[in-house]
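A quick write-up on the structure given underneath.
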Amino acid sequence: MPSDITPTSKVRWKPNVTVAALIERDGRFLLVEEETSDGLLLNNPAGHLDPGESPIEGVIRETLEETTCAFTPEGFLGLYMSRFRRTRTGEDITYLRLAFCGSVSEADTNLQLDEGIVRTVWMTADEIRACPERHRSPLVLECLESYLAGQRYPLDILTVHTSVFAAPSYHRAS
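In this text, residue positions in the sequence shown follow this note's numbering: the first is 6, and each later residue adds one.
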């Protein structure tokens, strides 16, 4: 365990669970340019998993919100974890990212990009590699490299219990 992480019995550490889409079309990859506290940065269409949704539902929703394109997941790219400290606040954050690859429809001109998203941009792998300082997360490049290496898993590798979609039930600990 790193020396700057102190386990405590009173607070349970929980990473932020996010979903992300890696989308390739004609040798270019769809990214979003978004406003952050560190300026305009590039990211995969991605966001937090919401209560009551599966990771697949979450990545479909996030991609639509951030790009106005309907996402069709075709494979599970992998589970990625990263940690960073916010520049302005010093907040220590760990992300657990479930990444999917797939295709998108054309943008729906009747929809608006999610708040904070400035625009969508299609970039080549070399263009993405050339600007790591503009990536919101190191996972932008890591997911890209996994995809280019041919890493794919079937979507049914993920199991979501039906309890996720219902009101929580209460039971006694054994």
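We put the CB at the ideal spot given by N, CA and C, even for glycine.
Excluding the 5 residues flanking it on each side, I65 has same chain C-beta neighbours closer than 6 angstroms at F76, in chain order. Exposed is the label assigned to N21, since fewer than 16 other Cβ atoms lie within 10 Å of its Cβ. For T164, the closest C-alpha among the options L103, N49, W18 and E150 is that of L103. Judged by beta-carbon spacing, L149 lies within the 8 angstroms limit of L27, meaning their Cβ atoms are closer than that value. Fewer than three beta-carbon pairs drawn from the region 106-118 and the region 136-145 are found closer than 8 angstroms, and the two stretches are therefore not classed as touching. Cβ contact annotation for L69 (same chain, cutoff 7 angstroms, sequence separation greater than five): A75 and F76, in chain order.
Short of 6 angstroms from the beta carbon of T99, and not among the five residues preceding or following it, lie these beta carbons of its own chain, in chain order: P20 and R88.
Listed in chain order, the beta strand (DSSP E) runs fully inside the region 37-93 are 44-48, 51-53 and 76-90, counting runs of at least 3 residues. Residue state for E29 is assigned as strand, using DSSP reduced to three classes. For L153, same chain residues with a beta-carbon under 7 angstroms away, outside a window of 5 residues either side, are A130 in chain order. Residues R90 of the same chain have their beta carbon placed closer than 6 angstroms to that of D97, with the five preceding and five following residues left out of the count. Contact holds between the region 40-54 and the region 106-126, because three or more Cβ pairs, one in each stretch, are under 8 angstroms apart. In the DSSP annotation of this structure, the continuous segment of the beta strand (DSSP E) that includes S108 starts and ends at D97 to V109. Y85 and L101 have their alpha carbons spaced roughly 6 angstroms apart. Nearest C-alpha to T72 among I122, I61 and D161: I122. V123 carries a strand assignment under DSSP once its states are collapsed to helix, strand and coil. Per DSSP, the unbroken alpha helix (DSSP H) holding C148 starts and ends at L144 to L153.
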